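Written out below as structure tokens is the structure these notes cover.
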Amino acid sequence: MGYAIGLMFADYYMFRRLSYADAKTGFFNEKYLKVLRRESKKKNIKEATVISFKTTGDRDKLAELLKFWKPEHSTIVAKDNGEFLVISEVRRKLITERFIFLVTEHAKSSGLETESSYRTEKN
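In my numbering, the protein residues as written are 239 to 361.
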């Protein structure tokens with residue numbers, strides 16, 4: 239009986255975690271942004287750097303590039319409109335701009351046009 243209850247709890251938590259996953263890319267989906275906000279309030283995190291990448295081309299190709307270049311301690315959210323958000327602790331302007339340059343240049347060399355921007359979010 240205890241084994242069955244344990245399996246039931248494991249199944250529930252796996253289902254809950256998978257409800258925030260984007261099946262195509264393996265990143266988090268847009269619903270996960272609410273979880274991030276709630277957790278940042280719990281941990282009293284006031285600022286974050288949000289980098290946006292968007293393409294009119296192959297979304298899956300851009301996802302692969304972002305997997306390759308993903309910075310440590312960051313979260314990537316795949317939005318339904320083809321936009322990807324790279325969310326991390328506050329980064330210096332120079333480092334953020336260098337990261338964007340590297341990703342967009344790699345995308346260009348792969349034949350993929352991308353738009354990018356960034357901002358530091360407060361609260």
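All C-beta atoms, glycine included, are put in the ideal place defined by N, C-alpha and C.
Treat the numbers as computed from the prediction; the structure is a model and nothing was measured.
In the DSSP assignment, find the unbroken beta strand (DSSP E) run with L332 in it and report its ends.
Working through the sequence shown from its first residue, we reach residue 332 at position 94. Membership of L332 in any beta strand (DSSP E) is not indicated; the residue belongs instead to the alpha helix (DSSP H) covering 331 to 347.
In three-state terms, what does DSSP make of E327?
In the sequence shown, residue 327 corresponds to position 89, counting from 1. Coil, per DSSP.
Alpha carbons only, please: which of F266, T263, I289 is nearest the one belonging to I333?
Reading the sequence shown from its first residue, position 95 is the one you call residue 333. The shortest C-alpha separation from I333 is found at I289.
Using the Cα positions of S348 and T342, report the straight-line distance between them to the nearest angstrom.
The residue you call residue 348 lines up with position 110 of the sequence shown. The residue you call residue 342 lines up with position 104 of the sequence shown. The straight-line gap from Cα to Cα measures roughly 10 angstroms.
Taking DSSP as the reference, what is the three-state secondary structure of A367?
With the chain running from 239 to 361 in the structure shown, residue 367 is simply not present.
Could you give the distance in angstroms between the alpha-carbon of K346 and the alpha-carbon of K292?
Locating residue 346 in the sequence shown gives position 108, counting from the first residue. Locating residue 292 in the sequence shown gives position 54, counting from the first residue. Going by the C-alpha atoms only, they are around 13 angstroms apart.
Along the beta strand (DSSP E) that carries Y258, what are the first and last residues, could you check?
For this step, residue 258 is matched to residue 20 along the sequence shown. No beta strand (DSSP E) holds Y258; DSSP gives it neither H nor E.
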